[in-house]
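The next block holds one structure in the form of structure tokens; read it before the comments.
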Amino acid sequence: MSQTDPTQTPLASDGSFEVHLQKSGQTLQIRPDQSILQALQEAGHEVPFSCSQGVCGTCLTPVLAGQPDHWDMYLTPEEQAQGNVIMVCCSRSQTARLVLDL
Ligand code: FES
């Protein structure tokens, strides 16, 4: 029986995905109508942020696994293509699961 790695598989068709927080060991479900930042805040995590629009870079968070879907205007196209950081205020995921260094 082969096991599917959710950091390698596309996210659900409704746009929801899960974020696993490596340091805290917590897994959050991100609804289509909320940002990763909002889900983190609801779960009691204090993540620095300022603009909430992908412009300032304050919410930059390292990505350990999974493929971000970048919506920010802060990272260069090269940085976005590398996929090892994400702006949690506005960007989402291309894979069913993202693992963040939080
Ligand atoms: S809070 Fe400004 S880029 Fe996310």
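Residue 2 is where the sequence shown starts when you use our numbering, and the numbers rise one by one after that.
Cβ atoms here follow ideal geometry from the backbone N, Cα and C, with glycine treated the same way.
Treat the numbers as computed from the prediction; the structure is a model and nothing was measured.
Checklist entry - Between Asp73 and ligand 1, is the CB less than 7 Å from at least one heavy atom? => result Start at 1 with the first residue of the sequence shown, and residue 73 comes out as number 72. Checking every heavy atom of ligand 1 against the Cβ of Asp73, one is found closer than 7 Å.
Next on the checklist: Below 8 Å, how does it come out for the region 76-88 and the region 44-62: are there three or more Cβ pairs, yes or no?
Outcome noted: yes
Checklist entry - Would Ser51 pass as a contact of Asp70 if the rule is Cβ separation under 8 Å? => result In the sequence shown, the residue the question calls residue 51 occupies position 50. In the sequence shown, the residue the question calls residue 70 occupies position 69. No, they are not a contact pair.
Next on the checklist: Going by the DSSP bridge assignment, what does Met88 pair with across the sheet?
Outcome noted: Numbered from its first residue, the sequence shown carries residue 88 at position 87. Answer is Leu61, bridged to Met88.
Checklist entry - Taking the alpha helix (DSSP H) that Glu80 falls in, what are its first and last residues? => result Reading the sequence shown from its first residue, position 79 is the one you call residue 80. First-last of the alpha helix (DSSP H) with Glu80: Pro78 to Gln83.
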